[in-house]
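Number of protein chains: 2
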Amino acid sequence: MKTKKLRQGQIAKILEKEFVVTQHQLQKLLARAGHRVTQATLSRDMKELGVIYAPAPHGPYYYKISTVQTGPLIQQDLQNRFSKYVVNISRTDNLILIKTLPGEASGMARLIDELSMNGIKQTEVKEILGTIAGDDTILVIMKNKVNIPKIIKFLKGTTP
Amino acid sequence: MKTKKLRQGQIAKILEKEFVVTQHQLQKLLARAGHRVTQATLSRDMKELGVIYAPAPHGPYYYKISTVQTGPLIQQDLQNRFSKYVVNISRTDNLILIKTLPGEASGMARLIDELSMNGIKQTEVKEILGTIAGDDTILVIMKNKVNIPKIIKFLKGTTP
DNA sequence: CATTATTATGCATAAATATACAATATTAAC
DNA sequence: GTTAATATTGTATATTTATGCATAATAATG
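Chains as they are written, first to last, in numbering that gives the first Met the number 0: chain A, 0 to 159; chain B, 0 to 159.
And the structure:
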């Protein structure tokens, strides 16, 4: 059903430009673009599109296309890269040293950070204090050394 | 009035751990932590805290502490850094070359990108195609050269 | 202190969003 | 094609969130 995809694309486009505060407002804007649907449909579209509802500083909540991936997708991406780009993993005390192919380290580190900050229900990654990355090396600093094996398994995707 | 600050701190802490889907749920969790308030108060707190309401992939919407700054704050930050760290600005055609103090370039470039992607109602930054940064140089690529002076003014904060 | 100004909160309710269910449309299988 | 299975949407409504107004709590001022 292509109308749906088209409409959702249009919604994304609108939300990039306009300051949309309610689904009713969006409904009107959409109608102007030729898509005539009810609020109920928009409610469903929003969820599917991953649209977030965020407060403008000192302003009202408004709808906004999310640029940040949410938890599960990042995790998938990260584990995918692990299998492709990681050359070696070593550890001492509460540190994990991950050797990657050239240029991959900082991108992967960012994903790890993102996950540790935004990961929901992932107790593993909450144990990560932070990461530092060079060009082909990631240093992961843990809050506590006991959880290191669990984390390594998790990052590798052994525990899906 | 400290109870409010305390409560909001507690809210932030709860949202980091728990998957909170409604304000009622939060109300209960909060009560368990000793803060007894109505849903109305929570609604206000959420906005003040900048909590966003985001859909979990294939799951329901849930409340989530925002890690990404929203528009106006970024802009302020960026203009602040401009005044402190920018050494020189030059341009040719549709390119702007910004020379900064060592190490500042990539951070500032990220802010510019963030703004150009998430900026609401800021037509100026929408004209930015992208940025590339080294250690002390930012290259800003514009969609169109006619808007360059406007952008430069904007970044400098001359147009607040 | 007492008094005034400011901020925070609850109550009641308005406004907005999500959803169960029924009706339609779309796609797949034959 | 026809029929069965799946997906999309609207209607009506339940659920949830936001807010106007009144009150209480806190802070500022003399």
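Beta carbons: idealized from backbone N, C-alpha and C, even for Gly.
Model, not experiment: these values are computed from the prediction.
Out of Thr99/A, Asn93/A, Leu96/A, Val139/A, the CA that lies nearest to the CA of Ser115/A is found in Val139/A. If you check each beta-carbon in the region 25–48 of chain A against every beta-carbon of chain B, the ones closer than 7 Å belong to Lys46.
Using a Cβ-Cβ distance cut-off of 8 Å, the region 130–149 of chain A and the region 25–35 of chain B are not in contact, since fewer than three pairs of beta carbons, one from each stretch, lie closer than that value. Annotated three-state conformation of Thr2/B is helix, per DSSP.
Contact annotation: Ile111/A and Thr136/A have beta-carbon atoms that are not nearer than 9 Å. As the crow flies, the alpha-carbon of Ala104/B is around 6 Å from that of Ala132/B. Taking His23/A as the centre and dropping the five residues before and after it, the same chain places the C-beta of Gln38 closer than 8 Å to its C-beta, in chain order. The beta-carbon distance between Arg80/A and Met107/A, rounded to whole angstroms, is 6 Å. This is short enough to meet the 8 Å contact definition. For Ala39/A, the enclosing alpha helix (DSSP H) starts and ends at 38–48. At a cut-off of 9 Å between beta-carbon atoms, Ile51/A makes contact with chain B. Non-local beta-carbon contacts of Phe18/A in its own chain, meaning distances under 6 Å to residues more than five positions away in sequence, involve Tyr61 in chain order. DSSP, reduced to helix, strand and coil, places Asn79/B within a helical segment of the structure shown.
Chain B has no Cβ within less than 9 Å of the Cβ of Pro101/A.
Along the length of the region 84–154 of chain A, whole beta strand (DSSP E) runs at least 3 residues long occupy 85–91, 94–99, 127–132, 136–141, reported in chain order. Straight-line measurement puts the Cα of Pro101/A at about 44 Å from the Cα of Gly58/A. If you check the CB distance, Gly8/B and Pro54/A do not come in under 9 Å. In this structure Asp134/A is exposed. Its beta-carbon is surrounded by fewer than 16 other beta-carbon atoms within 10 angstroms.
Residues are counted here when their Cβ sits less than 7 Å from a Cβ of chain A; for the region 140–154 of chain B the count is zero. DSSP places Ile13/B in the helix class (H, G or I) of the three-state scheme. Where Ala53/B is concerned, the enclosing beta strand (DSSP E) starts and stops at 51–54. Residue-level contact by beta carbon fails for Ser89/A and chain B, as no gap is shorter than 9 Å. Using beta-carbon distances, Ser65/B counts as an interface residue toward chain A, with a partner under 9 Å. Taking 9 Å as the CB threshold, Tyr84/B stays off the interface with chain A. Of all alpha-carbon atoms in Asp44/B, Lys16/B, Ile13/B, Lys83/B, the one lying nearest the alpha-carbon of Thr2/B is that of Asp44/B. Put simply, the backbone Cα of Ser42/B is about 12 Å away from that of Ile51/B.
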